[in-house]
Each structure stands twice: as C-alpha cells, then as structure tokens.
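Student: First the structure, then my questions, so here it is.
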Amino acid sequence: MGFMNAQELNSRETAIINDGDINSALSIYQTTDDHQHQTLLNLSTEINPLDPNTATLVKRMKESLLSTNGGVGIAAPQVGINRKVIWVQRFDKEGNPLEYFINPVIIWRSELQNLGPEGDLSIPDFRDQFYRSKVIQLEYTDLKGEKHSEMVEGFTAVIFQHEIDHLFGILISDKKEKEKNDSYKQVDAYKKSDSTTR
Numbered sequence: 001m002g003f004m005n006a007q008e009l010n011s012r013e014t015a016i017i018n019d020g021d022i023n024s025a026l027s028i029y030q031t032t033d034d035h036q037h038q039t040l041l042n043l044s045t046e047i048n049p050l051d052p053n054t055a056t057l058v059k060r061m062k063e064s065l066l067s068t069n070g071g072v073g074i075a076a077p078q079v080g081i082n083r084k085v086i087w088v089q090r091f092d093k094e095g096n097p098l099e100y101f102i103n104p105v106i107i108w109r110s111e112l113q114n115l116g117p118e119g120d121l122s123i124p125d126f127r128d129q130f131y132r133s134k135v136i137q138l139e140y141t142d143l144k145g146e147k148h149s150e151m152v153e154g155f156t157a158v159i160f161q162h163e164i165d166h167l168f169g170i171l172i173s174d175k176k177e178k179e180k181n182d183s184y185k186q187v188d189a190y191k192k193s194d195s196t197t198r
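Using the UniProt record's numbering, count along the sequence shown one by one with no gaps and you end on 198.
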C-alpha cells in the first residue's frame with residue numbers, strides 16, 4: 001500500500017493534533033496570518049492511516065468543520081497539518097453525510113466543467129466563480145488502511161476538487177489571480193490551418 005511510504009508525523013504535528021481534547025475543534029488557519037498562510041501554501045504529504053494520531057486528527061478535523069457556519073469541506077493544512085486528509089459533505093448521498101478521506105487522489109477528471117461559486121474557511125470574505133470538472137474519479141484509503149475508488153459528480157465533486165487543491169497548497173484566491181493573468185486567444189476550430197504540413 002502507498003501509505004507505507006508515508007513519513008511518520010513529526011513532533012510539531014503530533015503536538016498540534018494532541019493539544020486539547022479529542023472531541024474539540026482544531027483552530028482553522030487563516031490567510032490573514034503570515035505563518036498560517038505559509039502553512040496553507042505548503043505541499044502536503046501522505047499520512048499513515050494506521051497511526052493512532054491519524055484517527056485523532058480525523059476526529060478533530062470533523063469537529064473543526066462542524067464548528068464553522070455552514071462549511072462543506074476542510075483539508076488538514078487548514079488546521080496546520082500538511083498531510084493528505086480531507087472531510088467532505090456528501091451532497092450526492094442521502095442525508096448529506098460528512099465523510100473523511102485519507103491520501104485522496106483524483107485519478108481522472110472530465111473535460112466537461114461547471115462554473116459555480118466557491119468560498120474558503122481560511123480566506124475571510126472571499127467568494128468567486130470557478131470552473132471545476134463535472135465528474136471525477138477518486139482513490140483514497142480509510143482508517144483501516146483499505147483502499148477505495150469511486151466516481152463523484154456535481155457539487156460534491158467540486159468540494160473534493162477544492163479540498164484536494166488545499167493538499168497542493170493551491171488557494172482559490174491565488175487561482176483567481178492566475179486566471180486573470182492568463183491570456184486566452186480565441187481559436188476558430190473550423191478554420192483551415194495556415195500550415196499545410198503536419
């Protein structure tokens with residue numbers, strides 16, 4: 001299994017995870033704090049699902065998400081841990097349950113995209129429209145170390161893409177800035193190429 005390559009949690013990470021009661025929320029990092037912002041921009045690495053600290057992190061991340069005013073997802077970097085763990089509200093399932101995912105990877109995404117609004121628990125007062133793939137295929141493990149794969153679509157797929165971006169240090173505010181700086185050239189697909197050779 002891939003998680004066997006996961007490095008052990010360091011002392012800083014275990015200190016954050018175990019500081020306080022297991023049933024209490026961890027603080028949600030904000031881009032307005034320079035140190036916290038840097039953590040949000042760092043790349044996350046795999047985590048060992050069988051490490052008891054991972055179960056504690058998963059539990060406390062859920063409490064962090066529940067402590068927000070209507071948040072629908074959270075990633076470990078948002079609580080100061082650059083490891084691959086996310087929580088997502090499953091609007092594609094009955095009862096819209098919250099579910100955790102360890103070492104999630106998007107292995108396929110549809111070219112067909114939707115445009116929709118997104119905000120972020122770590123970026124105060126920021127909301128904008130973003131393009132996201134309509135359907136994704138996801139692989140992840142659970143706390144028993146068992147691997148799973150599933151197809152997800154619609155708004156739930158958007159949440160997965162947003163949270164997995166966090167694992168790569170990608171924030172929607174930076175994404176929007178990049179989109180502004182990208183120049184798009186309109187191409188007529190039916191126009192013959194100027195060049196006759198291929």
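For glycine and all other residues, C-beta sits at the position ideal for the given N, C-alpha and C.
Bear in mind that the values here come from a model prediction, so they are computed numbers and not experimental data.
#1: Short check: CB of I86 to CB of F101, under 8 Å?
#2: Which residues in the same chain have their Cβ closer than 7 Å to the Cβ of N96, if we skip the five residues on either side of it in sequence?
#3: Suppose contacts are defined by Cβ-Cβ distances below 8 Å. Is P77 in contact with T141 by that definition?
#4: So, are the CB atoms of Q137 and I170 less than 8 Å apart?
#5: In the DSSP output, which residue or residues are listed as bridge partners for L40?
#6: Who are the near neighbours of V58 in its chain, counting only those whose CB is closer than 7 Å to its CB and skipping five residues on each side?
#7: Please determine if the segment 59–76 and the segment 152–169 are in contact, where contact requires at least 3 C-beta pairs separated by less than 8 Å.
#8: If we ignore side chains and look at the alpha-carbon of each, how far apart do A6 and L40 end up?
#9: Under three-state DSSP, which class holds K147?
#10: Of the choices H35, Q30, E13, whose alpha-carbon is the least far from that of D125?
#11: The alpha helix (DSSP H) with A157 in it runs from where to where?
#12: Tell me whether I81 is buried or exposed, calling it buried when 16 or more other Cβ atoms sit within 10 Å of its Cβ.
#13: For D133, tell me which candidate among K176, S110, N53 has the shortest Cα-Cα distance.
#14: Taking its Cβ as the centre, do 16 or more other Cβ atoms sit within 10 Å of N103, making it buried, or is it exposed?
#15: Can you tell me the Cα-Cα spacing of V152 and D92, whole angstroms?
#16: Would you call S195 buried or exposed, if buried means 16 or more other Cβ atoms sit within 10 Å of its Cβ?
#17: Taking the alpha carbon of S24 as the reference point, which residue from T68, P117, K178 has its own alpha carbon closest?
#18: Threshold first: 3 residues or longer. Then list the beta strand (DSSP E) segments lying entirely within the segment 43–106, N to C.
#19: When you compare each of D120, V158, H148 to Q113 by their alpha carbons, which one comes out closest?
Tutor: Working from what's here:
#1: Judged by their CB atoms, I86 and F101 are nearer to each other than the 8 Å cut-off.
#2: Answer for N96: Q89, R90, listed in chain order.
#3: Their beta carbons are not under 8 Å apart, which means P77 does not touch T141 by this criterion.
#4: Not in contact: Q137 and I170 (Cβ atoms no closer than 8 Å).
#5: None; L40 has no bridge partner.
#6: Closer than 7 Å at Cβ, skipping near neighbours: V85, Y100, L143.
#7: The segment 59–76 is in contact with the segment 152–169.
#8: Roughly 20 Å between the two C-alpha positions.
#9: Residue state, collapsed to three classes: strand.
#10: Nearest of H35, Q30, E13 to D125, Cα basis: Q30.
#11: That run of the alpha helix (DSSP H) goes 154–167.
#12: Its Cβ being crowded by 16 or more others within 10 Å, I81 is buried.
#13: The sequence given here has Ser at residue 133, not Asp. For S133, the nearest C-alpha among the options comes from S110.
#14: By the neighbour-count rule (16 or more Cβ atoms within 10 Å), N103 is buried.
#15: Rounded to the nearest angstrom, the two C-alpha atoms are 8 Å apart.
#16: Its pLDDT being 39, under 50, S195 is placed unreliably by the model, and nothing is read from it.
#17: For the residues T68, P117, K178, the minimum Cα distance to S24 belongs to T68.
#18: The DSSP assignment places 73–75, 85–89 as complete runs of the beta strand (DSSP E) inside the segment 43–106, in order along the chain (cut-off: 3 residues).
#19: Residue V158 is the option with its Cα nearest to Q113.
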